[in-house]
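To start, the structure under review is shown below, and the notes come after it.
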Amino acid sequence: MKILTNEKNPAVLKLLVSANVAKIKVPCETVSFGDRKPCVAHSLPILELDSGVVLSSVNQAARVILPPSSSIEGEVDQWLEWETAQLQPAVIYCICNPGKKNERLQALLNALDLTIGKSETLVKGGISVADICVWSTLYSVAADAKLCSEWIDKCQNVKAWWSKLERNSSFQTEVQKSGALAGCPGVQILSSSSWNSIVSQQGTSFVITPPIEASTTDVTGKKQKSKSQGGKSVSPPENGLEQLNISGGPVMIGPEWEKELKTAKLSWVGGSKGKPKTWSKPVLPISGERNVLVTSALPYVNNVPHLGNIIGCVLSADVFARYCRLRNYNTLYISGTDEYGTATETKALEEGLTPQEICDKYNAIHNDIYKWFNIDFDLFGRTTIPEQTELTQQLFLRLHKLGYMHTEPMEQLLCQKCDRFLADRFVEGTCPKCSFDDARGDQCDSCGSLMNATELLKPRCKLCGDTPVIRNSDQFFLDLPKIEPKLSAWFEKSSAGWTHNARVITKSWMKDGLRPRCISRDLKWGIPLPLDGYRNKVFYVWFDAPIGYMSMTKRYTQKWKEWWQPKKDVKVDYYQFMAKDNVPFHSIMFPSTLLAADEGYTVATNIMATEYLNYEDGKFSKSRGTGVFGNNAQDTGIPADYWRFYLLFVRPESQDSSFSWDDLALRINTELLNNLGNFKTFNSQIPEMTLENDDFVLLALVNREIKSYLRMLENAKLRDGLRHILSISRHGNQYIQSQQPWVKAKGSPEERKRAGTNVGLAANIACLLSVLIQPYMPQISKVMQEQMNCPVSVNLITETANMLLPAGHRIGKPSPLFTKIEPTMAEEMKKRFAGKQKSPPPQSTGKKAGAVGSVASTENVVQLEAAVEKQANLVREMKSSGKPKTEWQPEVATLLKLKADLAAAQKAAQDQTQPTTATAAGSSETVQVLQAAVDKQANLVREMKGAKKPKSEWEPHVAILLQMKADLAAAQKAMTTGSVTSSLPAPAAPEAEPACPNVTSIAVLEEAIKQQGDLVRQMKGSGKSKEEWQPEVNKLLELKQQLSALQPSPSQSSGGSAESKPSQSAGSGKSKNKKKK
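Residue numbers for the sequence shown follow numbering that gives the first Met the number 0, beginning at 0 and rising by one.
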């Protein structure tokens, strides 16, 4: 991250103090107004993220630097909104108009004074970004002696709160470093570098009560009461607050603003010069026009897609394609189901169907889900079509002819009875590590060991039970090293338009040179190789799957080559949308195939990859019923556009994000219901409009948002684009609230005329919003346009706001667009999709009933949750930015320790509220298990230190050892002090609770396994040699064995006999958006 600002700008305090409080080093670069960086649009300061995203909203940027914990996020956001819309405009107007009566600012300060009371911070839990932003805005008044005596001194609580923060070292340091100016000089700097001052003159909204004490019903359903002063509630004077004069006041706004006002006037009068195209099928590229090909990663057919799959691929691509059509670009959007591979055969066996029947069944399920979500494909196809076989075999033969294919022998298991080579999923046997009898061909479910199928003892065919034999089988390899020069040149040319994670992942693959990749398999279900002697083999699914984009286009139109092999005078921009796990196949395998063929194929110009969407900070799991899947969404009664809006609002563009029912309710009820939904038009006919300076100010501000919206959408930054739509809506709402046309309509003829202008302009802004929101919420857009009786001609996104609905245009009767999501519904849905959670481990405290734990309280848990979330974000950011292991490994160690502390705190908090009795946690069996684990871990640490491994490698293992020792001590103490006498007979032996160690050790080990597994996958994926990654695999296996020793045995966990087959562990389900083939 990097801050860009001009000298002595008081607004930069929000960012600098946030970074100081967060203890994050964020470089700050000073730029002049006349020498701005390309990334700076119209305002300073800004925050430039490592991913390239530029945040021009100072409050939003401060929130990124110092994110609030989930427990206070709603309150913080309300404060930030209040500061932006209410406090900041009033402060700036006050400073720019000295000596002028300003009841508005005084009312705001009085309300703030009452809200703060004797509190030290605005939100419970310590200094938050809300305190920092409100404090920084008041700096311009409080740090000026004259202004302070005039305004702040009258409000003792505000003065005490502001002064205490002023003495805080984080605030003091950054004020001195920045040299920020207060009073009129500071506002002049703001005016020359941003449009905050312009907004301030408009008057925005007249609600003066701070958000925490607002007299409204919030998203939780609780009625909030506003505090009173002398028994009276704080409210605007009966005669209304003073109207702020837009043209008055000595505000320096610079020549840029004058140009923008002029543009706003010309655009409004001149109107739009374009008309939306009438699209005919098939859509084809045209020379001299913008042509956009859009594909989304093919969802694998054998599963129902969950929300993470939907936002990662098809929904993101749909929004971008809809936007392109509204820009009159010739746009083709293609996707479909990926239907070949071992997983399809396995699913067919499970359901007793043929592979083709499985594909037909689940293709229809996918199709129905995407139709319900309003995904507007030009074609949603599938890979089990003749066109796919034809094109895949043609490309293979072409590459084989040009010398880009060769064969190598590979050891595989052959079932002679079934007459087939067995993929890993079709082999079972005895684990060579733990002797578990039902290990799979790739992993043992008992001890967690990773292996090759040929390593199994006593292997057996899963289909017939016979013992397979090892045979060599020749497989085809794509010679990537030979293609690498072409691939590297293409990457250097096109990757500037990719997402940051797509660039990083591709660079990691290419860093040490590419290696040949196997593209064939000895399977029955797939496209056969078209060469004699090899026709019993099929193509590996990730060789043929991306070719599906081409075959589906051929199914769409016989002129498919105009998209995929265009003429030299036709330019096609190709955008691919996917989750990050699919990047290598789209940035290495597929382009290598097309470039090697050397037949002028269209290769991706933009690879747009998302991070992962989690569910309530966990993972989606079909087997456990955790999370919302596509078919579930339809059953909730929540409209599809609500889902689209929220998924796009939390789209994981630069880091993992999480679906939360509470947050969904908050966003729908605040962003939509209270923002876009409240933006209403009046009467049934557009009145005559005579625009004045106030109105052109609104249009100029709207134009700024449109410009930013276009910049975001052109780069497929969909989440940020949505925020600019909501900003336009806020501008419109504030305009209506400040102008109060319902009051003017009862006044003089001149006032009634002015009210007509207000209403007409508001209706046009509403019409504009219906067009801009269309890619995101197509059904809501349709309803808005039906209510306003909009002509088809409005459906074109232009670069400025134009008159879309002229005077005399008749509209229908507006009705509410959105329905509130009640808290009870959110809670009900949260429980409904919580899934079948793991059985909680037996209590291990050995405490007497009612004993109070000494580890933590609920407050500690909240603080630790915030610390874990913050540290996890730091680790993810360091890894995704390609930092070396030596830099991020110590941060991983810190994260592991924090998670261990959190687990202990959560357990202690639970013990405080739930009386417990002594259990088997203090039994001799548990102590023995923990002692063995401690000895093993201690030996590992000694070996690593003895081998002089760097501290960054052995430090995480020391953290694990320390936590294990703590658990051992607790178990030993429980043995000696935790027995409870009882007059009741002891339970029968079969019903006794199994011995179980403290959950903290397990949590620490699980996190360590996850981190080590990521490292192993990264090393293998980047083409490292076996000598390099094998030691890391050994460490991973060692950690998994330690975890296995701590967990209950299969018979204990299932409650069955020792011979019964254990159920699949919760961690073995597919995670996030990943495809496994």
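Don't be surprised by glycine CBs; every beta carbon is placed ideally from N, CA and C.
These numbers come from a predicted model, not from an experiment.
Give me, in chain order, the residues of the same chain whose beta-carbon lies closer than 6 Å to that of residue i; leave out the 5 immediate sequence neighbours on both sides.
i: P984; result: Low local confidence applies: a pLDDT of 34 at P984 is under 50, so the model's placement there is unreliable, with the coordinate-based value given in what follows. Cβ neighbours of P984 beyond the five flanking positions: none.
i: W497; result: I606
i: K553; result: E386 and W559
i: V381; result: A small fix is needed here, since residue 381 is Arg in this sequence, not Val. Excluding positions up to five away in sequence, the list reads G335, T336, E338 and N362.
i: S199; result: Any reading at S199 must be qualified, since the residue scores a pLDDT of 34, below 50, and its modelled position is unreliable; the value itself is stated next. Correct list, in chain order: P88, I91 and Y92.
i: P480; result: L513
i: L260; result: F695 and A699
What residue from the options has the CA that sits closest to residue i's CA?
i: Q171; options: K13, K706 and R439; result: K13
i: A608; options: N19, V503 and G351; result: V503
i: Q387; options: A10, Y611 and G525; result: G525
i: A297; options: C312, T505 and P529; result: Note that residue 297 is Leu in the sequence shown here, rather than Ala. Selected option, being the one with the closest Cα: C312.
i: E1077; options: D473, Q415, M588 and C132; result: Residue 1077 falls outside the range modelled here, since the chain spans only 0 to 1076, and no answer is possible.
i: Q1040; options: K432, D377, L292 and V133; result: K432
i: L939; options: L86, G731 and W953; result: W953
i: I735; options: K716, G755, S747 and R718; result: G755
i: A61; options: P67, Q85, E72 and S17; result: S17
i: P805; options: K819, D112, V742 and C789; result: C789
i: E561; options: S286, S315 and N302; result: S286
i: Q175; options: N19, P67, S148 and V133; result: N19
i: Q738; options: N692, N714, Y548 and I772; result: N692
i: S168; options: S494, V75, L86 and A21; result: A21
CB-CB under 8 Å to residue i, same chain, minus the five flanking residues each way: which ones, in chain order?
i: T893; result: Q870
i: L897; result: L863, A866, V867 and Q870
i: K1; result: V25, P26, C27, E28, L46 and E47
i: A596; result: L394, R397, L398 and L401
i: A800; result: A263, S266, W267, L698, V701, N702, I705, N763, I764 and L767
i: G270; result: N801 and M802
Name the DSSP beta bridge partners of residue i, please?
i: N329; result: N290
i: Y299; result: D337
i: L46; result: I2 and L54
i: T406; result: F475
i: Y573; result: L292
i: V758; result: BP columns for V758 are empty, so no partner.
i: T609; result: A578
i: V1015; result: Note: V1015 sits in no beta bridge, so no partner.
i: H305; result: F628
i: C460; result: V426
i: C27; result: I2
I think residue i touches residue j, with their Cβ atoms under 8 Å apart; what is that distance to the nearest whole Å?
i: H405; j: D465; result: Not really, about 33 Å apart at Cβ, beyond 8 Å.
i: L816; j: V782; result: 6 Å
i: Y299; j: A342; result: 7 Å
i: N290; j: K566; result: About 11 Å; that fails the 8 Å criterion.
i: T429; j: D436; result: 6 Å
i: G759; j: M828; result: Rounded, the Cβ-Cβ distance is 41 Å, inconsistent with contact.
i: D49; j: H730; result: About 30 Å; that fails the 8 Å criterion.
i: L15; j: E173; result: 4 Å
i: S550; j: L390; result: 5 Å
i: I357; j: N301; result: 6 Å
Within a Cβ cutoff of 7 Å, which residues of the same chain sit near residue i, ignoring the five residues on either side of it in sequence?
i: G185; result: P9, S139 and A179
i: L3; result: E28, V30, K36, V39, L43, P44, I45 and E47
i: L594; result: I482, K485, L486, W489 and V602
i: Q784; result: S769
i: V318; result: L647, L717, P774 and Y775
i: D900; result: L863
i: V742; result: none
i: K964; result: V933
i: L104; result: A89, V90, C93 and W150
I want to check one thing, is the minimum distance from the CB of residue i to the heavy atoms of the ligand PLP below 7 Å?
i: P298; result: Looking at this structure, you won't find the ligand PLP or any other ligand, since it has none at all.
(request) Check whether the region 691 to 710 touches the region 720 to 730, counting contact only when three or more Cβ pairs, one atom from each stretch, lie closer than 8 Å. (result) yes
(request) Flag this pair as touching only if the region 407 to 420 and the region 451 to 468 have three or more C-beta atom pairs under 8 Å; answer yes or no. (result) yes
(request) Could you tell me whether the region 372 to 379 touches the region 439 to 447, where touching means 3 or more Cβ pairs closer than 8 Å? (result) no
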